[in-house]
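Undergrad: Residue numbers (the numbering used here): 251 to 423.
Where is the CB? At the ideal position from N, CA and C, for every residue including glycine.
For clarity, every value in this text was computed on a predicted model and none was experimentally measured.
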């Protein structure tokens, strides 16, 4: 190694012993994610009620960022002691996307021949149909979202149905 590189900050030469706790401290501050928002059924219900009240602001392209910003304020006023991470506009948008996926999964179950659905009894799949249910959940890209609904109801079906456009979009509709 030349004498010119001894003082260089880019030298590959060791500058002494490195304390591992120093590495963890810098690593945790740079890669730490905020805690995820945890949604209760009551918070989801209040969120959907807010979206229903502001449905006119959605337009054709879905809800705008200003609607999610207002939803954050609404939820923080209604639920001052929230669990998990803070509800921010992006978490509201993600929650809405998740609720639509769940809604579409239940619609698919309702429309599939041989399956039944009720809000009280869920998908109504008998234990003798385990193999059929497993194949259904793996069948396409939309069915994996149906997996939890074999034993779980979707209490927000009517509210999401009121918010989802009833008319298909596209060139062949």
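Where does residue 363 sit, in a helix, a strand or coil, going by DSSP?
TA: As a working mapping, residue 363 is identified with position 113 in the chain shown. Residue 363 falls in the coil class under three-state DSSP.
Undergrad: Take residue 397 as the anchor and find which of 384, 316, 347 and 364 has the nearest alpha-carbon.
TA: Position 147 of the chain shown, counted from the start, is the residue given in the question as residue 397. Measuring from the Cα of residue 397, the nearest candidate turns out to be 384.
Undergrad: Which word fits residue 348, buried or exposed, when buried means at least 16 other C-beta atoms lie within 10 angstroms of its C-beta?
TA: Walking along the chain shown from the start, residue 348 turns up at place 98. With fewer than 16 other Cβ atoms within 10 Å, it is exposed.
Undergrad: Nearest CA to the CA of residue 382: which residue from 284, 304, 364 and 332?
TA: Your numbering for residue 382 matches position 132 in the chain shown. Nearest option by C-alpha distance: 364.
Undergrad: Just the C-alpha distance for residue 282 and residue 342, rounded to the nearest angstrom, thanks.
TA: In the chain shown, the residue the question calls residue 282 occupies position 32. In the chain shown, the residue the question calls residue 342 occupies position 92. Spanning the two alpha carbons is a distance of roughly 21 Å.
Undergrad: Can you look up residue 308 in the DSSP assignment and give me helix, strand or coil?
TA: Residue 308 sits at position 58 when you count from the first residue of the chain shown. Of the three classes helix, strand and coil, the one that applies to residue 308 here is coil, per DSSP.
Undergrad: Does residue 321 come out as helix, strand or coil in the three-state DSSP assignment?
TA: As a position in the chain shown, residue 321 is number 71, starting the count at 1. Residue 321 falls in the helix class under three-state DSSP.
Undergrad: According to DSSP, is residue 368 part of a helix, a strand, or is it coil?
TA: Position 118 of the chain shown, counted from the first residue, corresponds to residue 368. Three-state DSSP puts residue 368 in a strand.
Undergrad: What's the gap between the Cα of residue 305 and the Cα of residue 321?
TA: Your numbering for residue 305 matches position 55 in the chain shown. Your numbering for residue 321 matches position 71 in the chain shown. Computed Cα separation, rounded: 12 Å.
Undergrad: Determine the closest residue to residue 318 out of 302, 332, 380 and 333, with distance taken between C-alpha atoms.
TA: What you label residue 318 is simply residue 68 of the chain shown in a count that begins at 1. Looking at the Cα atoms, 302 is the closest of the given residues.
Undergrad: Strictly by DSSP, which residues pair up with residue 287?
TA: Position 37 of the chain shown holds residue 287. DSSP, once it has assigned bridges, lists 334 as partnering residue 287.
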